[in-house]
Amino acid sequence: MALLDVRNLSIDINTAQGKIRVIDKANLNIVDGSIHSLVGESGSGKSLIAKAVLGLHNENWIVTADRMFLGNIDLMKLSSRERRKIMGKEIAIIFQNPRSYLDPSKKIVDQMREVLPKKLSAKHFLKKMTAKSTHQQAIKELLHKVGVQNDRDVGNSYPHELSEGICQKVMIAMAIANNPRLLIADEPTTSMEAVTQAQIFRLLFKLNQLHNTTILLLSNNFGSISNLSDYISLIYCGQTVESGSYKQIINSPMHPYTQTMIKTILEFDENIAHKSQLYTLPGSIPPANQLPIGCRLGPRCPKAQRTCVTNPEAVNYKGHIIRCHFPTLDEK
Amino acid sequence: MLINNEFNEQKIQSPLQYIWHIFKGKNIAVIAMWAIIAMLMISIFCDYLMPFPHSQQHPDMLLLPPYWSDGANPIHLLGTDDLGRDTFSRLLKGIQLTLMGALLITFIVSILGVIVGATAALMKGFKASIMHHLLDALLTIPTLLTALILIVLFGMSYENSLIAVSLSLLPQFIRGIYICIENELQKQHIIALRLDGATNLRLLRYGIFPNIIEPFVTLVNRIFTMAILEITTLGFLGFGANSEQVELGSLITKSLELFYLSPYLVLFPGLAIFLIIIIFNIFSEGVRHSVIEGED
Amino acid sequence: MFNYLLRRIYLLCITAFVLTLIAFTIEHLTVHTHFRENTFTHYLNYISAILQGDFGYSIIDKKPILATGLIAFSSTLELCLFAFIIACIVGVPLGIFAGLYRNNGLDYTIMSLALIGLALPVFWVAIIFSVLPNAFGWAMPIDGNISPIYEIPVVSGFLLIDTLLVTQQYQFDAFLNHMIHLILPSSVLAIFLMSEIIRLTRHAITMVMRSNYIKAAHTKGLTRRQIVFRHVLKNALPPIIHQLRLQLSTIISFAMVIEIVFSYQGAGIWLFDSIQQGDYLVLSTAILIISGFILFSSIIIDLLLVFISPTKRKSLYADQ
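Spelled out as structure tokens, the structure:
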């Protein structure tokens, strides 16, 4: 069952140089209970898609989509109140640079107490006296669940005294406090060192296995999410170029961009000659005011021909969706 | 309608042109700008615009009300005072003295303040800390008090009041510029410029000044407002212009005793001060918002 | 925290030292009473006299300057305090509304009011206010602190407190009388304070609303009101207090001008009369008293700021 179904999502932004279509007919289909990665370079629009789905976008963005469904709920028809309720309970987000997303003037304990499920906050006055200890207990459990051992010290400190890794774990703890159905992780580990990255990814994996939380992981590094995800979607310059299950993409990548991505994963075997050049596509990402017409990989693609100035349609090969005029089709 | 075709020529304006383009779109700010230009013209050419010389007395027409009340003589547009001098002419002359004085002060304070503030921000070591401590001490004294003391020391006249006010506003401006430049110096692109081997002057010209336009505009606006308020307050207290020179603050003082006979003599100079300050504030708010939006 | 205190006290000493230099220069230039001694010994004598509390005697009424100065200044402080309370009560909610409903009609009205308030010349508004009640037919006193019928012994200089100390004699009449005298001058001062506070609050709240943790609070599903009350207010407070501390000297100069118009017995009238009568000795004392007060209150406000907001504990020089 598809948890999140987004079809033909387009976002237009008014800038100084006119109206720019930053996200061009993006498709996203997330299966319940899986880890879905959305991989793309910095600036390709991953965060924009996440924000548009949640309704956190600026007012001067124009968001259009054919379908935007979360389970049975149509996200485009909701009022802001209902959307807010959904955001608290069903969807949770964790961000990049977690320290700036925590309130700098409050201790961690106070901030976590805010997101605890409402049945723990008592209405009855007498119960409020004992509620503090239940809160403490619940917070302690949450912090232990995400792997923070010294919960008392962490709870009594302010965000600017903690390291990025612990801040991210605290954010994850706050995000899972309500057992959401979908957890969107917007590049959670981009500014951290490798050990902490591994810890965070292990934590997300554990959450997915134990609590059946669907995770949408936005990342710019193909290698780091490759062991983790069940489904992968690739996005380039606002267009989703390929999506499918992990096995399909790794074993038979059809889109030239995917093939490049896979080739850039560094595997240190002896096949690589000394001082050879690493594989890249020629050129660089086009700036926002000079986006190519049609398939945006066109100017850099090794297989580009004249038909590539029209937008390719999405073709579905047994769950492996690809938008390219010249995919590499090998029948397995 | 997608503008996705690269076959049109793209006309991208330089930052200054873009800011000017945004500024032109703000109607109120443009009106304020024209009003400022008008006031500048009035104050420069006021001697030719006055219907009567400002100190000429008309002994037969004393204390006339403005032309819209009864018993007035339409020659004297806004009435006369107790010695028969035309209010309108005195108002124009007063605007000249106050406005030009304030502009002069703002100009001097800006130039001196930028020089001193930039050197203070770029200096390090013992000299820098002496200057900072001196600045701290000067900042704790209220500006009016400094101006008063300086006037007492120099003697009371209009020019001395201008000098006193500029000296009292200088520490405020220096402090503002110092904080701005400090904030800019912490940024990465300044380090990059330094690594490129930029001298201090080059650092200032290319690295710092283009980025502090917005706080600079705010500061200049504040200095101008404070300058006008201080000049008029000193004039009001009797420490600024003497009885010959017509400055808006001293106009109010002289008319204070006559308030119940002819309130207009007090109202009009005050209104003039208020209008000058508001128009300048609207203009600089417009410029500031254009700069903010233009750098977005 | 203790380190911070030490640093601030060190700065205080140095700034006080510079202030005494300035005060001494003024005295040296205006009142040449010591021709024979050279400047340095004169300065040492001056400092020792100050430390013993001897600020000299005023030429006019032969009373010690320090005592008169302190009493006059505390009346000014009273005026400022009263105006500050009024301005906070009215200005802070208005500023919060303007910040939250930004670019709305309400925001424009409030900001226009603030802009007008900042542009009005102080003494002009004071004059208008002093004749306005007459125009409305109310009889409000515009002269002095309290009507001369009441004889109040000067205990603390704060008339509000002194009038409460003589309740046996006058019941609360003296207190009420003084309050009525206070209303007009403090309303004038409150207009300016209010405009500043509205502008500062609106700016601070706008900055906070744009920051990341407010976005995160949105995603947690909090209502707008909860976000404002729990997160925004506490984080918006430090910049406002910081800016107000920088404006302290301007507020005192405005207060002095208002006192002169309303003949309110405070530091403004004291200085004005002394200068007009040629008594220049009071100038250096006045500088020391007023700037000393501003310095102390700056430090206290700094300590308060450090206490409230855990992130602002780093600056070295006093003006940051």
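Chains as they are written, first to last, in this note's numbering: chain A, 405 to 736; chain B, 836 to 1131; chain C, 170 to 489. Yeah, the Cβ is synthetic: ideal placement off N, Cα and C, and Gly gets one too.
Contacting residues, own chain, Cβ-Cβ under 8 Å from residue i (five flanking each side not counted)
| i | result |
| --- | --- |
| lysine 511/A | Gly559, Asn560, Ser561, Tyr562 |
| methionine 1061/B | Thr978, Leu1004, Gln1007 |
| tyrosine 635/A | Ile434, Val435, Ser438, Ile439, His440, Ser441, Ser647, Gly648, Ser649, Tyr650 |
| threonine 662/A | Leu638, Val645, Glu646, Ile653 |
| glycine 1121/B | Phe858, Lys861, Ile863, Ala864, Val865, Ala867, Met868 |
| glutamate 1019/B | Ile1025, Gly1042, Ile1043, Asn1046, Ile1047 |
| glutamine 416/C | Glu365 |
Distance between residue j and residue i (C-alpha atoms, nearest Å)
| i | j | result |
| --- | --- | --- |
| phenylalanine 1103/B | isoleucine 946/B | 33 Å |
| alanine 1107/B | leucine 345/C | 38 Å |
| glutamine 848/B | tryptophan 855/B | 10 Å |
| methionine 378/C | proline 508/A | 14 Å |
| leucine 632/A | valine 519/A | 28 Å |
| serine 804/B | isoleucine 1058/B | No answer is possible for residue 804/B: it lies beyond the span of chain B, which begins at 836 and ends at 1131. |
| tyrosine 270/C | aspartate 276/C | 6 Å |
| lysine 861/B | isoleucine 254/C | 37 Å |
| aspartate 409/A | alanine 456/A | 13 Å |
| glutamate 494/A | arginine 585/A | 5 Å |
| phenylalanine 730/A | cysteine 699/A | 11 Å |
| glycine 1150/B | isoleucine 1016/B | This structure leaves residue 1150/B out entirely; chain B is present only between 836 and 1131. |
| methionine 885/B | glutamate 1065/B | 26 Å |
| proline 743/A | phenylalanine 961/B | There is simply no residue 743/A to check, as chain A begins at 405 and stops at 736 in what is shown. |
| alanine 487/C | leucine 969/B | Confidence at alanine 487/C is low in this model, with a pLDDT of 42, below 50, so its placement is unreliable and the value that follows should be read with caution. Roughly 11 Å between the two C-alpha positions. |
| serine 1119/B | isoleucine 265/C | 24 Å |
| arginine 1010/B | threonine 941/B | 15 Å |
| isoleucine 726/A | threonine 600/A | 34 Å |
| alanine 236/C | leucine 932/B | 40 Å |
| lysine 368/A | phenylalanine 186/C | Because chain A is modelled from 405 through 736, residue 368/A falls outside the range shown and cannot be assessed. |
| alanine 454/A | alanine 373/C | 29 Å |
| alanine 385/C | leucine 1083/B | 54 Å |
Beta strand (DSSP E) segment containing residue i, residue limits
| i | result |
| --- | --- |
| tyrosine 721/A | 719 to 721 |
| threonine 419/A | 406 to 419 |
| tyrosine 270/C | Note, tyrosine 270/C: premise wrong, no beta strand (DSSP E); not H, not E. |
| arginine 394/C | Unbroken run through arginine 394/C is the alpha helix (DSSP H), 393 to 396; no beta strand (DSSP E). |
| leucine 632/A | Note, leucine 632/A: premise wrong, no beta strand (DSSP E); not H, not E. |
| leucine 458/A | Looking at the DSSP string, leucine 458/A is not in any beta strand (DSSP E); the run it does join, the alpha helix (DSSP H), is 450 to 458. |
Own chain, CB closer than 6 Å to residue i, minus 5 neighbours either side, in chain order
| i | result |
| --- | --- |
| threonine 664/A | Leu685 |
| phenylalanine 298/C | Leu353, Val357 |
| isoleucine 360/C | Gly286 |
| serine 484/A | none |
| leucine 263/C | Ile279, Ile367 |
Whether residue i touches residue j by CB criterion (8 Å)
| i | j | result |
| --- | --- | --- |
| serine 1125/B | leucine 1069/B | no |
| alanine 267/C | isoleucine 285/C | no |
| glutamine 694/A | threonine 594/A | no |
| leucine 1072/B | isoleucine 429/C | yes |
| glycine 569/A | aspartate 428/A | no |
| methionine 874/B | isoleucine 930/B | yes |
| arginine 177/C | isoleucine 463/C | no |
| threonine 388/C | methionine 491/A | yes |
| alanine 436/C | phenylalanine 292/C | no |
Residue i, enclosing alpha helix (DSSP H) - first and last residue
| i | result |
| --- | --- |
| valine 426/C | 417 to 431 |
| glutamate 486/A | 484 to 493 |
| lysine 962/B | 961 to 975 |
| lysine 573/A | 568 to 580 |
| glutamine 709/A | No alpha helix (DSSP H) contains glutamine 709/A, which DSSP labels as neither H nor E. |
| lysine 667/A | 660 to 667 |
| leucine 988/B | 978 to 989 |
| lysine 610/A | 598 to 615 |
| valine 550/A | No alpha helix (DSSP H) contains valine 550/A, which DSSP labels as neither H nor E. |
| asparagine 476/A | Element bounds for asparagine 476/A: n/a, residue is neither H nor E. |
Closer than 7 Å: residue i CB and nearest the ligand ATP heavy atom
| i | result |
| --- | --- |
| leucine 611/A | In the structure shown, the ligand ATP is absent, as is every other ligand, since no ligand is present at all. |
Other residues of its chain near residue i: CB distance less than 7 Å, five sequence neighbours each side excluded
| i | result |
| --- | --- |
| isoleucine 1117/B | Ile863, Ala864, Ala867 |
| aspartate 917/B | Leu897, Leu898, Leu1093 |
Let me know the alpha helix (DSSP H) ranges lying completely inside the stretch 1026 to 1106 of chain B, each 4 residues or longer, listed in chain order. 1048 to 1072, 1083 to 1089
Quick one: complete alpha helix (DSSP H) runs, 4+ long, within the stretch 869 to 936 of chain B? 881 to 884
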